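The block underneath contains the structure these notes are about, expressed in structure tokens.
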Amino acid sequence: MSNTERYLCQAIELARTNLEGGGRPFGAVIVRDGEVVATGVNEIVGTNDPTAHAEMMAVRSASQKLGSPNLEGCAVYASGHPCPMCMAAMRLAGVGEVYYAYSNDDGAPYGLSTAAIYADLAKPLSEQSMKISYVPVRPEPGPDLYDQWKNRQAKQA
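Set out below in structure tokens:
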């Protein structure tokens with residue numbers, strides 16, 4: 001068995017254990033340099049937090065353990081196809097590789113596919129199902145928010 005298969009089996013076992021405890025069937029494992037850094041399971045049911053996906057929980061745990069939001073050099077092994085939110089979070093964190101065992105097609109008959117969300121997000125903003133509007137408000141007086149951030153960063157350097 002390859003390391004990839006071994007980590008995916010670990011993610012599936014986490015998902016099974018979570019399912020047996022009343023949670024949803026999703027688990028994730030984050031690995032860096034051949035070592036498991038963190039794991040996570042879907043905690044939506046127990047927390048009523050719609051962002052408590054297995055991958056998100058694992059990313060949060062890995063960031064805390066490593067003391068950095070930068071997860072470059074890490075790979076994520078997920079039981080199911082990560083949703084767009086999880087993929088975006090992993091990209092923002094610098095994760096370089098993602099592997100998953102169950103596809104959106106595998107999950108679709110069970111209501112466990114996010115393919116429709118991926119399809120909606122691929123449309124221009126004006127055609128997406130969620131209303132998204134750019135409203136360039138700049139309260140006065142005061143510095144521009146981003147200028148203020150840049151100046152603060154320069155002072156900390």
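Numbering follows UniProt numbering, with no gaps: position 94 of the sequence shown is 94. For glycine and all other residues, C-beta sits at the position ideal for the given N, C-alpha and C. No experiment lies behind these values; they were computed from the predicted model shown.
Leaving out the 5 sequence neighbours to the left and right, which residues in its chain are closer than 6 Å to residue i when beta-carbon positions are compared?
i	result
Asp33	none
Ala108	none
Ile30	Val37, Ala38, Ala58, Ala62, Cys74, Val76
Thr4	Tyr99
How should residue i be labelled, buried or exposed, when 16 other C-beta atoms within 10 angstroms of its C-beta is the threshold for buried?
i	result
Ala101	buried
Ile23	Checking the sequence, you will find Gly at residue 23 rather than Ile. Buried, because 16 or more other Cβ atoms sit within 10 Å of the Cβ of Gly23.
Ala89	buried
Gly27	buried
Thr47	exposed
Ala11	buried
Only counting the same chain, and skipping five residues up and downstream in sequence, which positions put a Cβ closer than 7 Å to that of residue i?
i	result
Cys86	His53, Glu55, Met56
Leu66	Val37
Gly94	Asn70, Leu71, Glu72
Pro84	Thr114, Ile117, Tyr118, Leu121
What are the partner residues of residue i, as DSSP defines its beta bridges?
i	result
Thr39	Val29
Tyr110	DSSP, once it has assigned bridges, lists no residue as partnering Tyr110.
Cys83	Bridge partners of Cys83: none, in fact.
Tyr77	Val29, Tyr99
From which residue to which residue does the alpha helix (DSSP H) around residue i run?
i	result
Val45	44 to 47
Ala11	3 to 20
Lys123	Neither: Lys123 is in no alpha helix (DSSP H) and is coded neither H nor E.
Asp147	145 to 156
Ser129	Here Ser129 belongs to no alpha helix (DSSP H), and DSSP marks it neither H nor E.
Near residue i, what residues of its chain come up, given a Cβ to Cβ distance below 8 Å and the 5 sequence neighbours on each side ignored?
i	result
Pro25	Ala15, Arg16, Asn18, Leu19, Asn42, Ser79, Gly80, Leu112
Leu125	Ile132
Gln128	Asp120, Leu121
Asn151	Pro143
How far does the beta strand (DSSP E) with residue i in it reach, from first residue to last?
i	result
Tyr99	97 to 102
Within 8 Å (strictly less), CB to CB, does residue i reach chain C?
i	result
Ser2	In summary, chain C is missing from the structure at hand, where a single protein chain is found.
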